[in-house]
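Report on the following structure.
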Amino acid sequence: MACGAGLSYVTRFAPSPTGLLHLGHAFSALTGFARAQAAGGRFLLRIEDLDRARCRPEWEAAILADLRWLGLHWPEPVMRQSDRGAAYGAALDRLAALGVLYPCSCTRGDIRAALSAPQEGAGQGPDGPVYPGTCRGRSMAAARPGDALRLDLGRAVALTGPVGFAETGPLHPGRHRVDPADLVDRLGDVVLARRDGVVAYHLAVVVDDAAQRVSEVTRGADLFEFTGLQRILQVLLDLPEPAYHHHDLIRDAAGKRLAKRDDARSLASLRDQGATPADIRRMVGL
Ligand code: GLU
466 MACGAGLSYV
476 TRFAPSPTGL
486 LHLGHAFSAL
496 TGFARAQAAG
506 GRFLLRIEDL
516 DRARCRPEWE
526 AAILADLRWL
536 GLHWPEPVMR
546 QSDRGAAYGA
556 ALDRLAALGV
566 LYPCSCTRGD
576 IRAALSAPQE
586 GAGQGPDGPV
596 YPGTCRGRSM
606 AAARPGDALR
616 LDLGRAVALT
626 GPVGFAETGP
636 LHPGRHRVDP
646 ADLVDRLGDV
656 VLARRDGVVA
666 YHLAVVVDDA
676 AQRVSEVTRG
686 ADLFEFTGLQ
696 RILQVLLDLP
706 EPAYHHHDLI
716 RDAAGKRLAK
726 RDDARSLASL
736 RDQGATPADI
746 RRMVGL
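The opening position of the sequence shown corresponds to residue 466 in the working numbering, with each subsequent residue numbered one higher.
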């Protein structure tokens with residue numbers, strides 16, 4: 466029984482090739498790899514190159530080189546989101562058929578203007594301004610080229626009923642109930658396909674985690690607050706529920722979260738300065 470459970474454990478590291486990996490990425494990948502090994506399961510890599518304009522092949526090559534240098538390995542072929550347009554299109558079609566998607570022609574300027582109107586209140590969510598709902602109610606049949614597609618989150622949570630998820634990470638361990646009202650307040654009607662046609666991370670991640678049979682999502686604590694939204698999408702799309710392991714974020718000496726632009730902390734530059742994979746493990750507290 467334990468053996469069967471082990472075989473079904475799958476986690477993944479899902480970097481976006483928009484820059485060099487830093488210590489925070491190393492911690493995430495090493496954590497996922499260690500959890501897969503401990504469970505006798507599998508560690509997968511997925512390249513999240515949805516936004517072609519921001520991704521570069523040389524960064525993808527550097528990511529693979531850094532991860533191999535750290536001693537990690539994964540099955541080939543690696544899933545790349547740029548190959549997954551058909552799966553995302555099918556998911557959008559399904560959401561449209563459920564009546565929870567609508568076309569939106571608002572520009573950022575339109576949204577700013579609507580939010581500055583006194584009756585709207587200036588809702589600021591973790592992902593930017595909370596959309597005031599200007600286009601909500603527009604029918605998908607009236608979608609025009611160049612429209613974004615938004616999730617009608619109020620309708621979505623009404624359809625799903627109670628939703629929860631199991632967290633195995635150190636920060637918020639236990640079973641969590643997704644609070645629909647809080648989700649609607651904080652995130653609002655998120656974009657699932659941008660005006661330029663690029664599919665949103667929240668949609669791609671649930672479609673891909675299901676396709677890769679990920680049983681536990683290992684990722685940074687910064688994404689904890691989006692897990693409720695992703696669970697709602699999973700329920701709407703009839704996708705299995707993974708467990709979530711949100712790990713702590715690696716911060717610099719000043720306590721600031723590392724970002725890809727902090728080249729000085731990149732794995733490549735640490736390696737150039739003579740750091741070994743064992744040094745990297747020590748630096749991230751492993
Ligand atoms: N591609 C995302 C990132 O680089 C990871 C998302 C996830 O693990 O769910 O932050």
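For each residue, glycine too, the CB sits at the ideal point set by N, CA and C.
The model shown is predicted, which means the values in this text are computed figures rather than measured ones.
Query, Result
"Say yes only if the C-beta of Pro707 is nearer than 7 Å to one or more non-hydrogen atoms of the ligand GLU, and no if none qualify.", "no"
"Report buried or exposed for Glu541, applying the criterion of at least 16 other Cβ atoms within 10 angstroms of its Cβ.", "exposed"
"Give every residue of the same chain whose Cβ lies closer than 7 Å to the Cβ of His641, excluding the five residues on either side of it in the sequence, and list them in chain order.", "Gly629, Phe630 and Glu632"
"Only counting runs of 4 or more residues, tell me where the alpha helix (DSSP H) segments fall wholly within the region 488-564, in order along the chain.", "488-504, 522-534 and 550-563"
"Unbroken alpha helix (DSSP H) runs of length 4 or more, entirely within the region 672-719: which are they?", "692-701"
"For Val622, which residues from the same chain have a beta carbon less than 7 Å from its beta carbon, with the 5 sequence-adjacent residues on both sides left out?", "Pro645, Leu648, Val649 and Ile697"
"When we look at the beta-carbon of Asp424 and count the other beta-carbons within 10 Å, is it buried (16 or more) or exposed?", "No statement about residue 424 is possible, as the shown extent of the chain runs from 466 to 751 and does not include it."
"Do you know how far the Cα of Ala724 is from the Cα of His487?", "8 Å"
"Please list, in chain order, all residues of the same chain as Gly598 whose beta carbon is under 8 Å from its beta carbon, the five residues on each side excluded.", "Gly653 and Asp654"
"Answer yes or no: the CB of Pro591 versus the heavy atoms of the ligand GLU, is any distance below 7 Å?", "no"
"Could you please give the first and the last residue of the uninterrupted alpha helix (DSSP H) stretch that includes Thr625?", "Leu618 to Thr625"
"So, does the region 527-541 touch the region 563-575, judging by three or more C-beta pairs under 8 Å?", "no"
"Considering only C-alpha positions, which residue in the set Ser547, Arg678, Ser731 and Tyr567 is nearest to Leu657?", "Tyr567"
"Give a yes or no on whether the minimum CB-CB distance between Pro568 and chain B is below 8 Å.", "In the structure shown, chain B cannot be found, because there is only a single protein chain."
"Just to confirm, does Arg533 get its C-beta within under 7 Å of one of the non-hydrogen atoms of the ligand GLU?", "no"
"Reducing DSSP to helix, strand and coil, say where Val649 ends up.", "helix"
"Does the Cβ of Ala479 lie closer than 7 Å to at least one heavy atom of the ligand GLU?", "yes"
"Please state the DSSP three-state secondary structure of Leu732.", "helix"
"Measuring only the C-alpha atoms, how far is Ala494 from Ala582?", "44 Å"
"Is the CB-CB distance between Arg577 and Asp612 below 8 Å?", "no"
"Ala608 lies in the alpha helix (DSSP H); which residues open and close that run?", "From DSSP, Ala608 is part of no alpha helix (DSSP H); its letter is neither H nor E."
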